[in-house]
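As structure tokens, the structure follows; a few thoughts come after it.
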Amino acid sequence: MKYTIAIDGPAGAGKSTIAKLLASELNILYLDTGAMYRAVGLKALRENIDIKDTEKIDEMIKNIDIQVRYIDGKQHTYLDGEDVTHKIRTPEVSLAASNVAVIKSVRLKMVELQREIAKDMSVIMDGRDIGTYVLPNAPFKFFITATPEERARRRYLEMKESGEKNVDYDIILKDIKYRDENDSTRAFAPLKKADDAILVDNTFMTVEETLSKILSHIKGDGVNQ
Ligand code: DC
């Protein structure tokens, strides 16, 4: 059976955690589309391009080489041949990604790459516009969300646990709110629940509960949940 599963939602809702677990449960490919926008954001930062300078970004995007490869089942993201998988996980790159993602030429290029990957195989993709724009015909669509405060709390704990110092909850919450606003108010393919997506607000749910709710829909016994 070919699965095409779209997962959308705001930053920090647990999309990638859930998508990875689902992918391993169903034994299908997981594509983190945010990583691709992050690689574009990283390039703009490195080249000192003013994010508001659409013409410069249009020019940059013409020659960018973004690739996704899988090593031991894990996604690695390449920018112009360099593995930037870890370098794209900083707060600066998060903001740059959200800013470049507003630009139409960037989205068109990323969407083309994403559709190409989903063409012939079962895939679960997470992002902001997967159910509404990238894969509008996906048979399974989920919109995962939680309150901004809960998402910021999770990010805070995650960063603390990974040994980062100087982690400030208020700054994380501010960044999350900025990205929510930026991602959902842009003109082209904004963050939005697709009409036919199932809403999963997991503010008060564990990862296991969220996963089980989604799996029950995919396996066909979650119609009234
Ligand atoms: O999922 P993430 O936090 O890694 O995504 C980083 C940014 O990329 C996010 O703020 C908005 C943008 N993005 C997007 O516009 N469309 C997607 N499908 C995925 C991410």
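Residue 82 in our numbering sits at position 82 of the sequence shown, and the numbers go up by one each step.
Don't be surprised by glycine CBs; every beta carbon is placed ideally from N, CA and C.
All figures in this text were calculated on a predicted structure; none of them were measured in a lab.
- For the 9 Å CB-CB criterion, ALA187 and VAL100 do not form a contact.
- The beta-carbon separation of ILE172 and ARG155, rounded to 5 Å, stays under the 8 Å limit for a contact.
- Look at the stretch 70 to 121 and you find these whole runs of beta strand (DSSP E), each 3 residues long or longer: 74 to 79.
- Under the Cβ criterion (8 Å, minimum of three pairs), the stretch 63 to 74 does not count as touching the stretch 129 to 148.
- When the Cα atoms are used, THR132 and ARG38 turn out to be separated by approximately 20 Å.
- Distance from the CA of LYS141 to the CA of SER184, rounded to the nearest whole angstrom, comes to 18 Å.
- Runs of the beta strand (DSSP E) lying entirely within the stretch 23 to 68 and spanning at least 3 residues, in chain order: 29 to 32.
- The secondary-structure analysis by DSSP pairs PHE140 across a beta bridge with ILE5.
- Of the other Cβ atoms in all chains shown, fewer than 16 fall within 10 Å of the Cβ of GLY73; this residue is therefore exposed.
- LEU211: member of the alpha helix (DSSP H) spanning 207 to 218, first to last residue.
- Non-local C-beta neighbours of TYR78 in its own chain, meaning closer than 8 Å and more than five positions away in sequence, comprise ALA39, ASP65, ILE66, GLN67, VAL68, ARG69 and VAL84, ordered along the chain.
- CA-CA distance, ASN48 to GLY41, rounds to 10 Å.
- ASP196 carries a coil assignment under DSSP once its states are collapsed to helix, strand and coil.
- In the structure shown, GLY131 adopts helical secondary structure according to DSSP, grouped into three states.
- Rounded to the nearest whole angstrom, the CA to CA distance from VAL106 to ILE176 is 21 Å.
- The DSSP-derived three-state label of ASP183 is helix.
- Closest by C-alpha distance to ARG151, out of LYS104, MET1, LYS119 and GLY12, is GLY12.
- LEU199 and ILE7 have their C-alpha atoms some 10 Å from each other.
- The straight-line gap separating the alpha-carbon atoms of ILE28 and GLY9 is approximately 21 Å.
- Short note on TYR30: C-beta not closer than 8 Å to any heavy atom of the ligand DC.
- THR17 and ASP32 have their alpha carbons spaced roughly 10 Å apart.
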